[in-house]
Amino acid sequence: MRYSRVRIASLGYTLPEERVTSDELESRLAPLYERLKLPEGRLELMTGISERRFFAPGTRIGEVSVDSGRLALRAAGIDPGEIGALIHGSVCRDHLEPATAARVHFELGLPAECHVFDVSNACLGLLTGALQIANLIELGQIRAGLVVGTENGRPLVEHTIDSLNRDTALTRRSVKSAVASLTIGSGSCAILLADESLCPDGSPLVGGAVRAETRHHQLCQSGSDEAGADMRPLMATDSEQLMREGVAVGAATFEQLLYETGWQREDLQRTFCHQVGAAHRKLMLDSLGLPVENDFCTLQWLGNTGSVALPITLSAGADAGEIQSGQNAGLLGIGSGIHCVMLGVQWRTTPVLGATRTSRTDQAAAAPPVPLGARGAMRSLLN
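Right, here's the structure in full:
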């Protein structure tokens, strides 16, 4: 896939206020740790994740996605009337029916003549939605589109902790399938894409590549669809095999990305990957022949935020000045299935707005949206 007209016009993101450290999770897992004689500090050591964030109990996914969508629209300065597609791409959603995108579309005041739907593709949902919008723009069918999503990791993590503490049949070996669930965090992000005529200074989307190796679909699975049932799922993940097979899929997809963009490895100045864990990150970059020092990472303080992990990492990197105009960036996404989406972007001017959402349940609105980088929040998190 190659693109000549598509620009990334802006990014908007929302972070929860509440931080939960890996040490705190381990303290809540004391019954399990004592039973299996597990050493303290194991979770952070295995994953590289120091903390993650959680939205307040009862937070609605659509509400937060509206916040992030507004931030992206405000950052770009594009009239909502120009939006021809609104896609909601996160794993988490408010209901089975209607699409969560319907509420977001309504609250943002977008036109009736607009594609409005949800995309479900595990940790690739937002990138998959971005590709659909990019194709509509490249075909000249719309001038701009917004993909947005919100992941709330609290129910999964809390349900996992409860289950692990109750299940006295667990062994050191069998508990491994639950470790990935303890890496999950929360966050929200919106990507606004536009035609070059509407956003001439935006960052061009140069090309993309996709790959599906669905013979591995069983390596990371939830139970039946829990939407509408308080979204308290349990996940089973063969992390070691998923990492090995995922890296192989990523390597094949990356070769296709280089072909589509016409780039060589040395043409990539920055990379932004899906945020899984420290070991996965190192193995993936080594396998692709890319230097780790060119990769911007957020997993140590946000954990794995699912479908928003890569775009929120791109947002954080841009907000903190970690990517400069004129640099080529690889957005290297991967998700269970196993699916892979990789995009090549030439960075120019893509404004970013972020906000922190209060953890108080009686305050539904996000904090006044201001650039987090301007407040120094992103820089302080990186130090």
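For the sequence shown, this note's numbering assigns the number 1093 to the last residue and increments by one with no breaks. Cβ atoms here follow ideal geometry from the backbone N, Cα and C, with glycine treated the same way.
{"Query": "Whether L746 touches G791 by CB criterion (9 angstroms)", "Result": "no"}
{"Query": "V867 and I901 closer than 9 angstroms at C-beta", "Result": "no"}
{"Query": "C-alpha gap between M711 and R738, whole angstroms", "Result": "47 angstroms"}
{"Query": "Pair within 9 angstroms by beta-carbon distance, G779 and L818", "Result": "yes"}
{"Query": "Q1056 beta carbon less than 9 angstroms from that of L1043", "Result": "A small correction: the amino acid at residue 1043 is Gly; Leu does not occupy that position in the sequence shown. No; because the gap between Cβ atoms is not below 9 angstroms, this pair is not in contact."}
{"Query": "Euclidean distance between Cα positions of A939 and G799", "Result": "Because the pLDDT at A939 is just 38, under 50, the model does not fix this residue reliably, and the point stays unresolved."}
{"Query": "Cβ shell of I1033 (< 7 angstroms), same chain only, five flanking positions each side left out", "Result": "R980, G1027, A1039 and W1057"}
{"Query": "Bridge-paired residues (DSSP) for H805", "Result": "Answer is none; H805 lacks a bridge partner."}
{"Query": "Selection from L915, E734 and A811 that minimises the alpha carbon distance to V716", "Result": "L915"}
{"Query": "Separation of V776 from E807, as counted between CA atoms", "Result": "18 angstroms"}
{"Query": "Cβ shell of I843 (< 7 angstroms), same chain only, five flanking positions each side left out", "Result": "A795, I797, G855, V857 and L903"}
{"Query": "CA nearest to the CA of L892, picked from T1068, G835, C1007 and T757", "Result": "T757"}
{"Query": "Q1056: first and last residue of the uninterrupted beta strand (DSSP E) it sits in", "Result": "H1049 to Q1056"}
{"Query": "Contact set for R882: own chain, Cβ-Cβ below 8 angstroms, skip 5 residues either direction", "Result": "L746 and L748"}
{"Query": "CB contact flag (G895, F764, <9 angstroms)", "Result": "yes"}
{"Query": "Inter-residue spacing [alpha-carbon to alpha-carbon] between L783 and I718", "Result": "12 angstroms"}
{"Query": "CB contact flag (C802, E754, <9 angstroms)", "Result": "no"}
{"Query": "Start-to-end residues for the beta strand (DSSP E) that takes in E728", "Result": "E728 to T731"}
{"Query": "Where the alpha helix (DSSP H) through A832 begins and ends", "Result": "Note, A832: premise wrong, no alpha helix (DSSP H); not H, not E."}
{"Query": "Presumed contact (8 angstroms Cβ cut-off) between T1060 and G912, rounded CB distance", "Result": "6 angstroms"}
{"Query": "Opposing strand residues paired with C983 [DSSP bridges]", "Result": "L1042"}
{"Query": "T1066: first and last residue of the uninterrupted beta strand (DSSP E) it sits in", "Result": "V1062 to R1067"}
{"Query": "Coil, strand or helix - L1032 by DSSP", "Result": "A quick correction: the sequence has Glu, not Leu, at residue 1032. Here E1032 sits in coil by DSSP."}
{"Query": "Three-state secondary structure assigned by DSSP to Y713", "Result": "coil"}
{"Query": "Residues that G897 bridges to, as DSSP identifies them", "Result": "E861"}
{"Query": "Residue range of the alpha helix (DSSP H) that includes F816", "Result": "T810 to L818"}
{"Query": "Contact check, G751 vs G918, beta carbons under 9 angstroms", "Result": "no"}
{"Query": "Simplified DSSP assignment, three categories, for A904", "Result": "strand"}
{"Query": "Assigned secondary structure, S934 (DSSP; H/G/I helix, E/B strand, else coil)", "Result": "At S934, the pLDDT of 49 sits below 50, so the modelled position is not reliable; the number obtained from the coordinates is stated separately. Reduced to three states, the DSSP call for S934 is coil."}
{"Query": "For Y723: DSSP bridge partner residues", "Result": "C899 and G1064"}
{"Query": "Beta-carbon proximity check, C833 vs G1013, cutoff 9 angstroms", "Result": "no"}
{"Query": "E761, enclosing beta strand (DSSP E) - first and last residue", "Result": "E761 to F764"}
{"Query": "Distance CB(V1051)-CB(T838) smaller than 9 angstroms", "Result": "yes"}
{"Query": "Test item: CB-CB of L995 and L836 under 9 angstroms", "Result": "no"}
{"Query": "Coil, strand or helix - I793 by DSSP", "Result": "strand"}
{"Query": "L856, DSSP secondary structure in three states", "Result": "strand"}
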